[in-house]
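Undergrad: The structure's right below; bear with me while I get my questions together.
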């Protein structure tokens with residue numbers, strides 16, 4: 405079974421498709437208890453679902469697409485979503501999910517093929533990065549995190565999770 409716990413607007417559908425699953429046939433956290441070994445589970449990260457998804461992540465192949473918080477915040481703001489939910493999702497990812505050692509697939513970094521090669525080796529797949537590194541979702545495809553001036557709350561989030569972000573993003577936010 406493959407589990408895709410994702411932060412909204414981080415490339416969720418793209419990663420599921422890349423791995424060869426139909427996002428419309430993936431199971432949600434609630435339906436996961438009925439999952440078969442060949443199924444994919446795809447749902448978004450949130451603090452109130454931790455008791456459901458943390459055991460799934462601990463026991464199964466887990467793939468998490470990433471986009472820099474500046475870019476995900478831009479997508480959330482464009483859709484007028486509550487930014488606190490985004491911040492909470494990032495904190496759950498870093499504090500609760502990351503210790504379980506999932507595979508990360510940052511979609512907006514130049515060295516994304518290295519991450520994909522690690523995933524290929526673990527899964528026996530032969531996926532290639534034939535997508536643009538700038539971002540892959542909706543109207544932000546030409547943006548890089550260095551192009552944006554984030555809000556104070558997103559800056560504070562990035563300060564708090566800076567060690568995690570530095571594993572993927574070589575240019576520190578300014």
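In this note's numbering, the protein residues as written are 405 to 578.
Glycine included, C-beta positions come from ideal geometry on N, C-alpha and C.
1. Check for me: the beta strand (DSSP E) holding residue 508 runs from which residue to which?
2. Taking residue 498 as part of the beta strand (DSSP E), name the residues at either end of that continuous run.
3. State the DSSP-derived secondary structure class of residue 554, mapped to helix, strand or coil.
4. Find the nearest neighbour of residue 469 within the set 492, 525, 567, 422, judged by alpha-carbon distance.
5. For residue 486 and residue 414, what's the separation of their Cα atoms in angstroms?
6. Determine the DSSP secondary structure at residue 442, reduced to helix, strand or coil.
7. Measure the CB-CB distance between residue 510 and residue 572 and report whether it falls below 8 angstroms.
8. Helix, strand or coil for residue 515? Go by DSSP, reduced to three states.
9. Which one or two residues does DSSP pair with residue 466 in a beta bridge?
TA: Well, looking at it:
1. Start and end: 507-510.
2. Here residue 498 belongs to no beta strand (DSSP E), and DSSP marks it neither H nor E.
3. The three-state secondary structure of residue 554, taken from DSSP, is coil.
4. Of all alpha-carbon atoms in 492, 525, 567, 422, the one lying nearest the alpha-carbon of residue 469 is that of 422.
5. One alpha carbon belongs to residue 486, the other to residue 414, and they sit about 16 angstroms apart.
6. Residue state, collapsed to three classes: coil.
7. For residue 510 and residue 572, yes; Cβs fall inside 8 angstroms.
8. If DSSP states are grouped into helix, strand and coil, residue 515 belongs with coil.
9. Residue 466 is bridged to 407.
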